[in-house]
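> This is the structure, below, for whatever I ask next.
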Amino acid sequence: MRSIPLLWAVMISVSLALAQTPQAKPLSPFEQELVNNQNQFMQALAEKNVAYVNQSVADDFQGIATNGDFYDKEELLGAAHEGMPKDLRVYEVRVVRLDDGCAVVAYNLIVPGARLRYRHMSDTWTKDAGKWKLKFQQVTPNLWSATDFD
Numbered sequence: 018m019r020s021i022p023l024l025w026a027v028m029i030s031v032s033l034a035l036a037q038t039p040q041a042k043p044l045s046p047f048e049q050e051l052v053n054n055q056n057q058f059m060q061a062l063a064e065k066n067v068a069y070v071n072q073s074v075a076d077d078f079q080g081i082a083t084n085g086d087f088y089d090k091e092e093l094l095g096a097a098h099e100g101m102p103k104d105l106r107v108y109e110v111r112v113v114r115l116d117d118g119c120a121v122v123a124y125n126l127i128v129p130g131a132r133l134r135y136r137h138m139s140d141t142w143t144k145d146a147g148k149w150k151l152k153f154q155q156v157t158p159n160l161w162s163a164t165d166f167d
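Residues in the sequence shown are numbered consecutively from 18, following the working numbering.
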């Protein structure tokens with residue numbers, strides 16, 4: 018009779034151990050380089066480091082805003098002059114390698130205080146003379162949060 022509670026305890030322990038979420042696989046060096054690059058770019062936007070943003074964005078850059086309008090490098094640099102909140106949060110970063118010199122970095126972004134504070138982002142980076150340049154960006158608002166206010 019004593020073995021039944023012990024058996025239940027072992028079965029519950031094994032079930033709980035198997036039910037835990039598996040750890041995310043470590044990033045490859047390629048993915049880590051792009052994640053680091055993306056983080057530096059976002060930090061430069063938050064710190065109004067226009068020079069860094071300028072050198073990190075391709076001259077023929079194009080972006081699509083939350084309203085579907087296109088914007089170019091000059092408009093992105095204008096936004097860099099204004100800066101982003103220092104407490105913006107980037108999470109769930111994914112890197113999709115297209116080839117050795119091109120990748121899409123997709124992530125979620127929270128911009129505190131912004132009208133559309135929750136956003137899905139897709140940034141396409143290309144290598145130009147050995148340096149990563151932002152070539153294309155698409156901002157998609159989370160529809161469930163489009164009317165949220167702080």
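We put the CB at the ideal spot given by N, CA and C, even for glycine.
Under 7 Å between the Cβ atoms of ALA123 and ARG114?
Not a contact, by the Cβ cut-off of 7 Å.
> Between which two residues does the beta strand (DSSP E) holding ALA120 run?
Looking at the DSSP string, the run of the beta strand (DSSP E) that includes ALA120 is 119 to 127.
> State whether the stretch 71 to 90 contacts the stretch 148 to 160, with contact taken as three or more CB pairs (one from each stretch) at a distance under 8 Å.
Touching, yes, given that three or more Cβ pairs across the two stretches are closer than 8 Å.
> My parser needs the beta strand (DSSP E) runs of 3 or more residues fully inside the stretch 43 to 115; what are they?
Listed in chain order, they are 74 to 81, 87 to 89.
> Once the 5 residues before and after PRO39 are set aside, which same chain residues still bring their CB inside 7 Å of it?
Caution applies to PRO39, whose pLDDT of 49 falls short of 50 and renders its modelled position unreliable; the value that the coordinates give is listed next. None.
> Rounded to the nearest angstrom, what separates LYS65 and PHE87 at their Cα positions?
Taking the straight line joining both Cα atoms gives about 22 Å.
> When you compare only the Cα positions, how much space is there between ALA82 and HIS98?
Distance between the alpha carbons of ALA82 and HIS98 is about 17 Å.
> Could you tell me the distance, in whole angstroms, from the CA atom of PHE168 to the CA atom of ASN125?
Any answer about residue 168 is impossible in this case: the structure gives the chain only from 18 up to 167.
> Output yes or no for whether 7 Å exceeds the beta carbon distance between THR141 and VAL121.
Closer than 7 Å, so yes.
> Please report how far the alpha carbon of TRP149 lies from the alpha carbon of GLY100, in whole angstroms.
Using only the alpha carbons, I get a separation of about 21 Å.
> Under the DSSP definition of a beta bridge, which residues are partnered with LYS144?
Paired residue(s): TRP149.
> Going by beta-carbon coordinates alone, are ALA61 and VAL70 separated by less than 7 Å?
Cβ atoms of ALA61 and VAL70: closer than 7 Å.
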